[in-house]
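Residue numbers (the numbering used here), protein chains in the order written: chain A, 2 to 161; chain B, 893 to 1555.
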């Protein structure tokens, strides 16, 4: 092979690897990106059915219920405007607490319950997961708008 | 008083860094040896000053001086002394001081082991490192001062995050930083070479041991972080593809590529431009890692700073370092020239393919790590990229690289003969395929990934044996032992490091294929069986630690009726931060780990419990340590020691005729 041909071969090899990598990346992105939704978005039906996503907010005070098997737990995630019931089977992270922020990953089932496959609570007591913080901030912002349009009682009732 | 001395030492160090970063480089440019000779004492002085500052901070911690804000926020009077000292790098400010200290340690090492370097080269290297350290000192003194006072002093400190109160934590950050910062030496060598315009085989030979040592430290550092996550987070996982882990893994991938590319530059004079680019890339990724982890962009146990000024500073610093060095690269690299030509099928060709694959894998990790951050920054929604993405991209990219790893060391430089290679490797291939297909059936289940993993691991090991056997026929020595001793250490290093990869692959494959996990509710006296082992729960007692209280469970594990282990997992409460922590109990073994962690207390003394049976999991970290051992062996090779001892550069005169005249 002449040097020029050889260089083309090398460039071709490089492009081939790059192409394969791109295909792999796009493919994996397609099926593995996990989107995040706030409880308000979930209640209003923006979240996808039959696909895994993340939901975040506060764990409502007094909402944690444990089944008799000791492993299945039910709790409610709220952004103070809307609430979503969550079911999870397994051991909760150490920092999971009522009244604290949490993020859960899983799927929405037909009756509107979120079945979590994973519950995340972060490493620090005073730390709020950013997704949860954002959900609360959004709800607060839209709550301020709502108060102007006189639908506060509705929102209040939801968040009780 | 002591903290002020530390603060003052940092300011002095900054002044020294300014001098070190400018005059020697200028001196090298105009050929003034008086200016160049400043580099060495300046680097040593800077090391002493930063060491002084570090010791002052250590003293403040040991002395429980809660009038220092940083001490008050990361330690507590109840915290044992060794953790108080480890708390120096337990949060943002102190870990940057550690970073800078380690940078000056590397500088100091360069002044010690650079007698064989031409003076222009040495002063440029130290100058570039001085500039890097200038950036970090400036950062500390402007927005992240560890010596800031808290007036009035706090009565007691806020305590160190309980997750970090662990022996692994004491050693993991210094190791990791030794690796991160160690790439700054390779970076400085590359920049110095670009500035001087003399990239040659000698340059690669000088920079090789430094790069390898940094790589070893990084390997061990990452392995320790992974081990820490395994036993401390209580989820039994060893790698989560968490952005913080990726931040340390990307420099490792680039560094691995660099180590191999340097070998080609050293032995064959090829890949020069590529090697320089990799050196810049490895250090830039180290800086990016520091930025990602320390700026608060990512959320994890590592993210301390949420001060936007800090993030901005690191980002600007990053832009200057990466942008500046890439501009210099674009300007000077064309002068470097290309190395010798080689055929597609040759050792160079395979190392090139290995490099391309490593960099592609690094790119895919980078993309998966940064993409969510970009989307978030542009307000396009919040997403997360989970482990499945990384698994499905990383494995197909790494599998061919691992396969090539078996062939590359046996191929000739310049041009290899494919049929000849096939002939030499046929039994290795046969053994690997047969074992990989049969072994899973013997153990239990067969899956394609299981066979692939075993195939690659056995392939690497068997080809290493063939390589060694062929090598032994080429060296002189009395008997087998003599010939084994005559094989150069660098070759042993390569073999050992590659076998480390094989061990690592076995570990990953077996854990992924055969691990079992069970979440159960257990009453006192109840048993649960997992992986053939029976766990009996004997209840939990309250125990007191130095700065925590805990419930400690007792589990008796038996195999076929014989007691195999007694495990004591704990659920700890640290009152200062009111934090609960799971302390898993692990019975490690060569072939399997047994892992128990307590969930929550239920009624009547029952607990929810998580049990794991993890076959071969320790091979993962064992493999990493073997890799690092291989690196250490390679560095101890005679040729480097000779180079260090001699004042003259150990380069054949024919390849470098007139270089000394430049000085």
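Here a beta-carbon is modelled for each residue, glycine too, at the ideal position from N, C-alpha and C. Please read all numbers here as calculations on a predicted model, not as lab measurements.
- Within the region 24-49 of chain A, those residues whose Cβ lies closer than 8 Å to any Cβ of chain B are, in chain order, 25, 26, 28, 29, 30, 32, 33, 34, 35, 36 and 37.
- The three-state secondary structure of residue 1026 (chain B), taken from DSSP, is helix.
- Under the 9 Å criterion on CB atoms, residue 21 (chain A) is classed as interfacial with respect to chain B.
- Under the Cβ distance rule, residue 109 (chain A) does not count among the residues neighbouring chain B, no pair being separated by less than 9 Å.
- The residue from A:87, A:49, A:73 and A:23 with its alpha-carbon nearest to that of residue 114 (chain A) is A:87.
- Scanning its chain for C-beta atoms nearer than 6 Å, with the 5 sequence neighbours on each side dropped, one finds around residue 66 (chain A) the residues 75, in chain order.
- With the rule of 3 Cβ pairs closer than 8 Å, the region 994-1007 of chain B counts as touching the region 936-951 of chain B.
- Cβ neighbours of residue 1377 (chain B) within its own chain (closer than 7 Å, five residues either side excluded): 1369.
- It is roughly 23 Å from the alpha-carbon of residue 1509 (chain B) to the alpha-carbon of residue 1148 (chain B).
- Between residue 1327 (chain B) and residue 1346 (chain B) the beta-carbon gap is near 7 Å, inside 8 Å, which marks them as a contact.
- Around residue 10 (chain A), the beta-carbon contacts reaching into chain B at under 9 Å are 1236.
- Separation of residue 1007 (chain B) and residue 1469 (chain B) (C-alpha to C-alpha, rounded to the nearest whole angstrom) is 52 Å.
- The three-state secondary structure of residue 94 (chain A), taken from DSSP, is coil.
- Ranked by how close their Cα comes to the Cα of residue 1047 (chain B), the residues B:1004, B:1082, B:956 and B:1039 have B:956 in first place.
- Annotation: residue 1519 (chain B) to residue 1153 (chain B) spans about 17 Å, alpha carbon to alpha carbon.
- Look at residue 933 (chain B): its C-beta is not under 9 Å from any C-beta on chain A.
- A buried status is given to residue 1264 (chain B), since no fewer than 16 other beta-carbon atoms sit within 10 Å of its beta-carbon.
- Within the same chain, and ignoring the five residues on either side of residue 960 (chain B) in sequence, the residues whose Cβ sits closer than 6 Å to its Cβ are 895 and 952.
- Under a criterion of Cβ atoms nearer than 7 Å, no residue of chain A is adjacent to residue 1001 (chain B); the nearest Cβ is some 34 Å distant.
- Here DSSP, grouped into helix, strand and coil, assigns residue 1234 (chain B) to coil.
- The continuous beta strand (DSSP E) containing residue 108 (chain A) extends over residues 102-109.
- With respect to chain B, the C-beta atom of residue 101 (chain A) has no partner C-beta closer than 9 Å.
- Per DSSP, the beta-bridge partners of residue 1450 (chain B) are B:1426 and B:1455.
- In its own chain, leaving out the 5 sequence neighbours on each side, no residue places its CB closer than 6 Å to the CB of residue 71 (chain A).
- Taking each of B:1131, B:1171 and B:1375 in turn and checking the Cα distance to residue 1279 (chain B), the smallest one comes out for B:1131.
- For residue 1104 (chain B), the enclosing alpha helix (DSSP H) stretches over residues 1093-1124.
- Beyond the five residues adjoining it in sequence on each side, residue 1532 (chain B) comes within less than 7 Å, by CB distance, of 1101 in the same chain, given in chain order.
- Against chain A, a Cβ distance below 8 Å from residue 1259 (chain B) picks out 26.
- Using a Cβ-Cβ cut-off of 7 Å, residue 112 (chain A) is close to nothing in chain B; its nearest Cβ partner there is about 24 Å away.
- Contact between residue 1457 (chain B) and residue 1449 (chain B) holds, with the beta-carbon distance rounding to 5 Å and staying under 8 Å.
- According to DSSP, residue pairing for residue 1510 (chain B) in a beta bridge does not occur.
- Judged by DSSP in its simplified three-state form, residue 1460 (chain B) adopts coil rather than helix or strand.
- For residue 49 (chain A), DSSP assigns no beta-bridge partner whatsoever.
- Around residue 91 (chain A), the beta-carbon contacts reaching into chain B at under 9 Å are 1411, 1491, 1500 and 1502.
- Excluding its 5 nearest sequence neighbours in each direction, residue 1299 (chain B) has C-beta neighbours in its own chain below 8 Å: 1242, 1313, 1317 and 1355, listed in chain order.
- With the criterion set as a beta carbon lying under 8 Å from some beta carbon of chain B, the members of the region 62-91 of chain A are 67, 70, 71, 72, 90 and 91, in sequence order.
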